[in-house]
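If you count the sequence shown from 1, position 546 lands on 1030 in the numbering used here, and the numbers rise without skipping. Glycine included, every Cβ here is placed at the ideal spot set by N, Cα and C. As the structure is a computational prediction, the values presented were derived from the model and not from experiment.
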Amino acid sequence: MHRLAGKNFASFRTVFLIIVILWIFVAVYFLSSGIRTESSTQESCGALSSAVDRLQRRTDESSARLRETLELVEHLKKQSKERGNQVPSDSAAVDIGLSHEILRRRSVNYAREIWYTTSKQLDKLRQKLAEDNKNPDKELVNMVDSIRGQLSNITLSLMVDLDGLGRVDGLAASNIRGLTQLSRLVQNRLTALQNPSNCATSKFLIVSLNRPCAFGCNVHHLVYCFQMAYATGRTLLIGHDSSPYSSWWERNFEPLSNKCNSTHAQDTHGNVHSENIQGTDRTVVCPYICNFDGKLGILPPAIPEDLATALNRFHDYPSVWFIGQLLYYLMRPKPHLQRMLDELLSSYGMTSPHHSPVVGIHVRRTDKINTEAQFHSLREYMVYVDRYFDFIDEQRRMMARNKEWVDDALAVGNSSTSKVVRQVFIATDEPSVFQEAKTEFPNYIFYGDTHRAESASVGQRRGDNSILGIAVDIILLSRTDYIVCTFSSQVCRVSYELMQTRHQELGDASSLVQSLDDVYYFGGQQSNPFEVVVGDTRAQRGELVHMRGNHWDGYSLVENVDGGGSHLIPSYKLRRRIITARMGNRIQQP
C-alpha cells in the first residue's frame, strides 16, 4: 500500500511543481515588462508587486485544488478497500517501457532548461537594475533575488522528483541490470575481436598514436579506430612508431590483444578509405577521422543497430555509452598503474561505492584559450558545483521519506537529512587554481595535485610524467560523481565517456555533466542534426537543424539543414537523434 501512496504523492507533487514554475514564468514576464516599459522605479515596483500578488492568489487556488485531489484519492482508496480489492504487493514487478523513459527524460530536460532560462534572464535583469539606476531600489532588487531563489528551489525539487521517477520501485536496479548485461555483451565481443583463433590469417587495422596533438586527441583517434575495427571485424593493433604516446600506452595499459601483435600484420597495404573499408585487404592502416569528411555511416555517433533498442531504453545518450565501452577495454590499467590509481582514489575518499559525493572539474587555462576555447573563471564552474550539491542535499531529504522513496538501488547509504560534505577534485594545467579555489570557496574541500598541473604545461606534454599526469586526471575525473568542464576539451569528453561505464554506482550517468561551452560531440563525427520536437517560428516540428552552440541560457544557435542561416531557438525544443549502423556482425565468437 505504501508504494501506491508514494507513487500518488510523487506524481501530484511533480505536477504541482510544474504548475508553480509556469506561474513564476508569468511573474518573471510581468517583471521584465515592468522594467522595460516604466520609466520610474516606483512604477516598476508596482508592476512587480501586482505580479507577485497574482502569483500568490494562483498558488492558494492551486493548493486548495491539490488538497481536494488528494482527498479524492484517499476516498477512492477507501472505497477500494471496502469492495475488497487487492492492492498489488511490493514484490509485484512493474516494467516501465521506452515511452515512459522518453517522456521522463524530456521532462528532466524541460526542468533543466527552465532553470537555465530564468536564472540567466533574472541575473541580466538584476544587472540592468543596477546599471540603469545609480541608486537601485533595494526592495525591487530583493524581489528579483527572492523570485530567483524560489525558482531555483522549485526546479531543484522538480528535478529530484523526476530523477526519482526513474529510480524508485525497482527501476534503478532494472536499469543497472540492463546496462550491465549490455556491457558484458560488448566486452565479450571486443575480447573475441581482439583475440582471433588464428593470427596468421586474421584481418588487422593498424593504428598509430602519432597525431600532432595532445593526449586526449590521440585517445579519441584510438577509440574511433576501435569503432572502425568493431564495425568491420578487424583486430586493432598499435603499430610500431616513435610516438611517445604509443610507447607510453603499451607500458601502462594492458595489450589490445593477448594473442596477436604487429609482427602478424607485416603485409600493410595502405590507408583505409571509404572504398576499401569493407574490402579484402588483410591489413590496413587507420587514417585520421577527418579523411572521411563525416560521410561514412559507421563513424561516431553511430551505434550498433542490434544494441540500439535496449540501449535507448536504459541510457539517454547511447553513442556516448558505446564510446565509453570501447575506452573501457582500451584503458585497462596494468597492475602498477592500477595500484597508483587505487592509492589516489583512497586518499580522496572515492573508493567506496557509496562514498560522499565528489564533483570533478577540469579547468583548462594554458592551451587554446582564445583560439578554440574561451577563458572561464573558477566561479563559473562553482555555480554548477553548488547547484549539484544543493540537488544532492534535497535528494537525500526526499530519500529519507522512506514510505515514498522506495526500492531505489542507487539510494543505499545516501538517505539522510544532514547535508553532505562538499568535495571537489580539480584537474587543471594551471597550478594557481588550487590556491584560488581554497581562498574563494572556504566551505569546500578541494583535492588534486599541483605537480600534475605543472607537468601538464604545453612544453612538457609529450614527456612521460606529463602523459601519466593527464591520463591519471582523466581516469580520476571519470570516477567522480559529477563533472563540470568544457566540452571543447578532449580531456573533458574522454572523462565523460569513461564515466558511462560505472553502471553499478551511477546507473545512467549521461546527465552527470555540465559543460561551460560546447555540447558533447566526437571530433570528425558524421553529421547528426537535432530534431525539432516543439515547433518554432523558424523551424517546424520534425525539421532537422545543425547545432551551432548551446548558450546555456535557454537558447541554442542552430542552422536549418536545408539552409536559411543561423538563428536562436529555445533549447528545450530540440532533441538528439540516434544513428545506427550494422556493426559487430563480422566478429567471430570463440
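CA-to-CA distance, residue j to residue i, given in whole angstroms
i, j, result
"R1066", "V707", "18 Å"
"T934", "G953", "10 Å"
"P802", "R735", "31 Å"
"V691", "L721", "6 Å"
"G650", "V997", "18 Å"
"S979", "L960", "8 Å"
"P739", "L810", "14 Å"
"P572", "G662", "A caution first: P572 carries a pLDDT of 38, below 50, which makes its placement in the model unreliable, though a value can still be read off. Taking the straight line joining both Cα atoms gives about 24 Å."
"R1032", "N742", "43 Å"
"G723", "I660", "37 Å"
"N617", "D629", "17 Å"
"P817", "F798", "27 Å"
"A893", "R880", "14 Å"
"L646", "N637", "14 Å"
"D725", "Y928", "45 Å"
"S840", "D992", "19 Å"
"N1034", "E938", "32 Å"
"V458", "K903", "What is shown of the chain runs 485 to 1074, which leaves residue 458 out entirely."
"H704", "R610", "42 Å"
"L821", "A676", "25 Å"
"F806", "K612", "45 Å"
"N657", "L990", "Residue identity check: residue 657 is Ala in the sequence provided, not Asn. Their Cα atoms are separated by approximately 11 Å."
"E924", "V917", "10 Å"
"D870", "Q1024", "37 Å"
"L1052", "L1058", "12 Å"
"S1040", "G648", "28 Å"
"M883", "Y812", "32 Å"
"E1043", "Q665", "39 Å"
Coarse secondary structure for residue i, derived from DSSP in three states
i, result
"L666", "helix"
"Q858", "coil"
"L613", "helix"
"A684", "coil"
"R1061", "coil"
"Q822", "helix"
"C976", "helix"
"M882", "helix"
"G1068", "coil"
"H1051", "strand"
"T850", "coil"
"T601", "helix"
"N796", "helix"
"S658", "helix"
"Y812", "helix"
"F875", "helix"
"H1030", "strand"
"P802", "helix"
"I910", "strand"
"V997", "strand"
Neighbour-count burial assignment, residue i, 16 or more Cβ in a 10 Å radius
i, result
"T601", "buried"
"A713", "buried"
"V905", "exposed"
"V890", "buried"
"A911", "buried"
"V644", "buried"
"V896", "exposed"
"L982", "buried"
"G700", "buried"
"Y772", "exposed"
"A595", "buried"
"Q1072", "exposed"
CA nearest to the CA of residue i, picked from the options
i, options, result
"R668", "Y872, Y1005, Q988", "Q988"
"R590", "P915, V1018, N742", "V1018"
"T764", "T685, C969, T793, S730", "T685"
"Q782", "H799, G1008, P728, L674", "The residue you asked about is not Gln; residue 782 is Ile in the sequence shown. Answer by Cα proximity: G1008."
"R1061", "S916, H1030, I1071, L780", "H1030"
"Q605", "A884, D948, I631, I580", "I631"
"G947", "D790, Q634, P728, V670", "P728"
"C1095", "L587, I951, P926", "Outside the displayed range of the chain (485 to 1074) lies residue 1095, so it cannot be described from this structure."
"F1117", "I787, D777, H584", "Summary: the structure shown does not reach residue 1117, with the chain confined to residues 485 through 1074, and so no result is reported for it."
"E888", "G654, L587, F859, S583", "G654"
"S583", "F688, S972, N796, Q634", "N796"
"T1021", "R673, D1037, P1054, W1036", "P1054"
Nearest-angstrom beta carbon gap, residue j and residue i [assumed within contact, 8 Å]
i, j, result
"N593", "Y1056", "6 Å"
"E920", "L862", "6 Å"
"Q907", "V842", "5 Å"
"S603", "E878", "No, S603 and E878 are not in contact; Cβ-Cβ is about 16 Å, not under 8 Å."
"G778", "Q1010", "5 Å"
Contact test: residue i Cβ vs the ligand ADP heavy atom, cutoff 8 Å
i, result
"Y708", "The model on display carries no ligand, and the ligand ADP is accordingly not part of it."
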